[in-house]
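Structure first, then comments.
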Amino acid sequence: MGIEQIPNIDEKREKLDKERAKLESKEYISDKDLEEIARIEKEHKQLSEYIKGIDEKKEGPKEEPKPGDSQLVPEQLAPEQQPQPERTQEPQPTQQTEKPPEKTLEELLEADIDAAKKILDDKSLDFQGQVELLKGIEQHLSKVLNVSPNKINLRQLTKMTPEELSEWLNEGSPEKQLERIIKEIEDGKIIPGTFLRFISTPGASKSISKILDSLEFQEGIKKPENQNKLKAVIEKFQKFISKEKEIPKPEVVEKAKEFIKSEEKKGKESIFQKMGGWNTVGGIAGFSLMMFLILIFLGEFKLLEKATGIEIGGEGKGKGKK
Amino acid sequence: MDQNFLNLLPEQLRSLTSDLYDVILERSLMRAYQNLSEENKTKMAQIFSSGTEEEKINFFKNYLGDLQKIMIEEAQRATKEIIK
């Protein structure tokens with residue numbers, strides 16, 4: 015991933031430059047300002063190193079620099095040090111048509127995850143700095159995988175083993191994962207990790223929407239026996255909800271809840287989305303919980319098997335068995 | 003939250019799921035809050051009364067990072083309590 019493919023990094027750099035210029039233009043520069051300038055310089059350096067790291071990872075080992083060559087990437091050089099294009103050294107036409115070997119999806123995913131790990135491990139980066147950088151990676155990965163950046167959960171991806179990543183990429187289709195979750199629900203042993211992994215998989219919500227939209231579900235839920243069961247379950251849930259609402263909670267918990275809910279209502283304008291669609295808390299938590307509850311309801315009504323064609327406790331999946 | 007998603011549910015389930023989400027979010031936050039040190043509880047109270055959005059997000063990130071997992075666990079616990 016080159017610099018031109020990470021627009022947020024350019025933006026971040028520009029922002030840093032402006033901040034520094036503003037500080038340096040002051041008549042009196044305080045100690046605090048000096049500290050701030052040092053922080054800006056450090057962040058600038060980290061950005062350059064980060065970009066350099068990704069480029070090296072993707073392009074393979076570079077030629078040994080010749081004596082006297084600068085170790086800095088062009089962006090780090092002062093304007094007067096910027097390399098000038100030399101007409102005599104233009105590449106031959108045959109070189110222009112040569113393309114570097116294309117990276118596999120696994121390699122691209124691995125490179126992006128390595129970069130994300132570095133960012134997450136870098137304690138000197140503040141939260142906003144991390145988010146800006148991760149946002150760039152998420153956008154790149156979303157282009158490569160052709161999915162929305164919101165579907166990429168880098169935090170979870172960085173915790174996966176290479177085997178799990180490969181499965182996530184190749185075999186961990188939402189349908190396959192859903193099959194596993196449905197079995198867990200039916201067995202009454204739901205593993206949160208399985209579900210959290212599922213929701214970070216591109217296409218997860220679509221696969222649940224598909225169930226809800228299926229004729230089997232829509233008709234199944236209308237059956238008199240299911241309607242009676244639905245009524246009984248709703249009553250139990252309502253009783254639980256009223257009981258829970260009576261329990262006094264500290265004011266701060268109420269405020270935190272209201273903050274999450276009000277941000278979620280903003281949708282794409284929420285701070286959760288603005289901060290890189292970084293699936294931390296809020297939006298994705300609410301959304302994933304909703305999906306989780308829906309699956310539990312469906313499991314309770316024994317409609318999952320019918321709606322998905324997944325034969326629970328049988329020999330796997332058969333779309334025809336409805 | 004994806005409202006379109008909810009629209010696929012029968013009416014009765016739709017409002018129930020929303021209410022249940024509210025309760026589970028509250029229970030999860032309560033659990034996370036109880037796990038905080040006294041100092042961080044005070045800090046959280048200050049931030050959520052007069053802090054900026056960024057400070058709130060930072061607090062979530064630094065001290066309530068597992069909220070999503072807690073919510074799934076709480077949802078599981080609640081549904082078990084209700085259905086059994």
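For the record, the sequence lines run as chains Z and P. Under the working numbering, think of the first position of the first sequence as 15, with each following residue one higher. Under the working numbering, think of the first position of the second sequence as 3, with each following residue one higher. Beta carbons: idealized from backbone N, C-alpha and C, even for Gly.
- Using a Cβ-Cβ cut-off of 8 Å, Ser221/Z does not count as an interface residue toward chain P, since no Cβ of chain P sits closer than that to its own.
- Here the segment 208-218 of chain Z does not lie against the segment 233-242 of chain Z, with fewer than 3 beta-carbon pairs under 8 Å apart.
- Excluding its 5 nearest sequence neighbours in each direction, Ile204/Z has C-beta neighbours in its own chain below 6 Å: Glu198, listed in chain order.
- At a cut-off of 8 Å between beta-carbon atoms, Tyr65/P makes no contact with chain Z.
- Closer than 8 Å to the CB of Glu40/P there is not a single CB belonging to chain Z.
- Ranked by Cα distance from Lys149/Z, the first of Glu55/Z, Ile54/Z and Lys26/Z is Lys26/Z.
- Contact note: Ser51/P reaches chain Z through Glu265, Val266 and Lys269, using a C-beta cutoff of 9 Å and chain order.
- Just so you know, the alpha carbons of Glu121/Z and Lys253/Z end up roughly 52 Å apart.
- Residue burial is scored here from C-beta neighbours: Gly202/Z has fewer than 16 other C-beta atoms within 10 angstroms and is therefore classed as exposed.
- A residue is called buried once 16 or more other Cβ atoms fall within 10 Å of its Cβ, and Asp135/Z, having fewer, is exposed.
- Under the three-state reduction of DSSP output, Asn60/P falls in the helix class.
- Here Thr215/Z carries a coil assignment [DSSP, helix/strand/coil].
- Leaving aside the five residues that flank Leu155/Z on each side, the residues in its chain whose CB is nearer than 6 Å to its CB run, in chain order, Asp126 and Ile166.
- Distances from the alpha-carbon of Phe273/Z to those of Leu18/P, Lys58/P, Ile26/P and Ala47/P put Lys58/P closest.
- No Cβ-Cβ contact shorter than 8 Å links Glu55/P with Lys263/Z.
- Of the other Cβ atoms in all chains shown, fewer than 16 fall within 10 Å of the Cβ of Ile261/Z; this residue is therefore exposed.
- Contacts between Leu134/Z and chain P, judged by CB atoms closer than 8 Å, are missing: the closest CB pair is about 11 Å apart.
- Taking the CA atoms as reference points, Gln142/Z sits about 16 Å from Lys131/Z.
- Spatial neighbours of Arg33/P in its own chain (CB-CB distance under 8 Å, excluding positions within 5 residues in sequence) are listed in chain order as Ile72 and Glu76.
- Using a 10 angstroms sphere on the CB of Pro176/Z, the tally of other CB atoms stays under 16, which defines it as exposed.
- Interface annotation, Glu56/P: in contact with chain Z, CB-CB separation under 8 Å.
- About 4 Å separates the beta carbons of Gln191/Z and Phe212/Z, which is inside the 8 Å limit, making them a contact pair.
- Following the DSSP letters along the chain, one finds Leu147/Z inside the alpha helix (DSSP H) bounded by residues Phe141 to Leu159.
- Under the Cβ distance rule, Phe212/Z does not count among the residues neighbouring chain P, no pair being separated by less than 8 Å.
- In chain Z, no part has a C-beta under 8 Å from the C-beta of Arg16/P; the shortest such distance is about 10 Å.
- With respect to chain P, the C-beta atom of Pro206/Z has a partner C-beta closer than 8 Å.
- Taking each of Leu309/Z, Met305/Z, Gln60/Z and Leu312/Z in turn and checking the Cα distance to Gln70/P, the smallest one comes out for Met305/Z.
- Following the DSSP letters along the chain, one finds Ile127/Z inside the alpha helix (DSSP H) bounded by residues Leu119 to Asp135.
- In the three-state scheme derived from DSSP, where H, G and I count as helix and E and B as strand, Pro264/Z is classed as coil.
- Restricting attention to Leu30/Z, Lys279/Z, Gln144/Z and Asp227/Z, the CA atom closest to the CA of Lys63/P is found in Gln144/Z.
- Taken through DSSP and simplified to helix, strand or coil, Asn9/P comes out as helix.
- Closest in C-alpha terms to Ile248/Z, from the list Leu31/P, Ser20/P and Lys45/P, comes Ser20/P.
- Here Phe251/Z is near Ile84/P, since their CB atoms are less than 8 Å apart.
- Under a 10 Å Cβ-count criterion, Glu265/Z is classified as exposed, with fewer than 16 other Cβ atoms of the shown protein chains found around its own Cβ.
- Ile166/Z sits in coil when the DSSP states are folded into three classes, being neither helix nor strand.
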